[in-house]
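Below: the structure, in structure tokens.
Written out as structure tokens, the structure is:
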């Protein structure tokens, strides 16, 4: 079997890397394609995954429109060379369009529900795999599983955090630390968002620094007064960093969902809905969400302070995390079954949606 996997974000490398390794171990051929946005190439190289770069991502509306055509053509050319049986992605219209020209099925995973992208890939996609929460994407192409994307790589059966990262961070034994993650707000789905004000970022850093060490992960440049807090560990160690943190405070969606799987409290400031995070917040009490309004940003700072001061929070959160793990599937095992049994797997799930729950039992 030959699988072409398109990557649009560093988190997508993690989403598919365990699946790719299993497929390669079994004798299948796998090729990743990526656009260079942050550190996709570094992650692919670290995990020794075969890939082709399609070039650097463009910013601005005109650049993004140009990129649809440029990257689409390059993806199609790579497909002609590689001759895949299936194309796989996290909602990539680049992969979907190439699949249509290659006359091969495209399977998409979806959890952000950014419809400006969904409208571009859905017509050219055979199956869309989502969590089983009540999301707005209604289609006969949708099949659901119980869980979230982060279970593909942070499920306890697949990931064990390395405590040596604490030494790399220069931390003393038992020293608390908080991670702050800021996005660049340059993606197409970020239009209309303002994120956290610089004033409130500074206020949060000052307050949290009185309680714990602070490290900042940022997609873009930081102002000089915050640069000294920048997290300098290698990109592939970010999950070790998050696993032992006392708090994540952020305006992004991926890292807090990762923290929920790792058992780390998170505070999220964002105007959009994240359906996986809503489940993790409402069903398991693992995260807290606030809007981008000034009042809510202040409340988010106060919640962060409260969590950092709370004793025994690590043990409390691990109990909540273990409950979530016990009720959700090993996503990599499910994806392996789905891809290697395509298209019968799709037909089976449409006939019996509960079949995917067998992968809860197989993960323990």
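Numbering (our numbering), first residue to last: 13 to 376.
The beta-carbon is built from N, C-alpha and C at its ideal position, and this holds for glycine as well.
In terms of residue numbering, what span does the beta strand (DSSP E) encompassing residue i cover?
i, result
"residue 18", "14-19"
"residue 59", "Residue 59 -> no beta strand (DSSP E), and no H or E assigned at all."
Please name the residue, chosen from the options, that lies closest to residue i on a Cα-to-Cα basis.
i, options, result
"residue 20", "55, 30, 36", "55"
"residue 140", "151, 132, 146", "151"
"residue 45", "74, 15, 134, 265", "15"
"residue 177", "333, 122, 247", "247"
"residue 282", "245, 209, 188, 160", "209"
"residue 89", "175, 353, 113", "113"
"residue 189", "170, 217, 167", "217"
"residue 187", "299, 207, 61, 259", "259"
"residue 274", "62, 330, 304", "330"
"residue 230", "223, 182, 314, 245", "245"
"residue 128", "121, 138, 211, 104", "104"
Tell me the rounded alpha-carbon separation between residue i and residue j.
i, j, result
"residue 85", "residue 118", "16 Å"
"residue 200", "residue 185", "The predicted position of residue 200 is uncertain, since its pLDDT is 44 and thus under 50; a value taken from the coordinates is nonetheless stated next. Answer to the nearest angstrom: the Cα atoms are 42 Å apart."
"residue 320", "residue 262", "15 Å"
"residue 59", "residue 52", "11 Å"
"residue 79", "residue 70", "7 Å"
"residue 332", "residue 143", "19 Å"
"residue 157", "residue 115", "27 Å"
"residue 91", "residue 39", "19 Å"
"residue 94", "residue 131", "27 Å"
"residue 41", "residue 106", "20 Å"
"residue 194", "residue 369", "35 Å"
"residue 240", "residue 165", "30 Å"
"residue 49", "residue 339", "34 Å"
"residue 99", "residue 350", "13 Å"
"residue 296", "residue 26", "24 Å"
"residue 148", "residue 289", "15 Å"
"residue 65", "residue 108", "17 Å"
"residue 280", "residue 310", "12 Å"
"residue 67", "residue 266", "24 Å"
Under a Cβ-count criterion, where at least 16 other Cβ atoms within 10 Å of its own Cβ denotes burial, should residue i be classed as buried or exposed?
i, result
"residue 37", "exposed"
"residue 203", "Note that residue 203 scores a pLDDT of 46, beneath 50, so its modelled location is shaky; the value from the coordinates is reported in the next line. Under this definition residue 203 is an exposed residue."
"residue 74", "exposed"
"residue 278", "buried"
"residue 81", "exposed"
"residue 252", "buried"
"residue 359", "exposed"
Name, in chain order, the residues that DSSP records as bridge partners for residue i.
i, result
"residue 183", "The partner list for residue 183 (beta bridge, DSSP) is empty, contrary to what the question assumes."
"residue 301", "280"
"residue 378", "Summary: the structure shown does not reach residue 378, with the chain confined to residues 13 through 376, and so no result is reported for it."
"residue 190", "226, 259"
"residue 68", "48"
"residue 31", "According to DSSP, residue 31 bridges with nothing at all."
"residue 43", "16"
"residue 131", "BP columns for residue 131 are empty, so no partner."
"residue 242", "228"
What span of residues does the alpha helix (DSSP H) with residue i cover, start to end?
i, result
"residue 253", "250-256"
"residue 154", "First-last for residue 154: 154-157, but that is the beta strand (DSSP E), not the alpha helix (DSSP H)."
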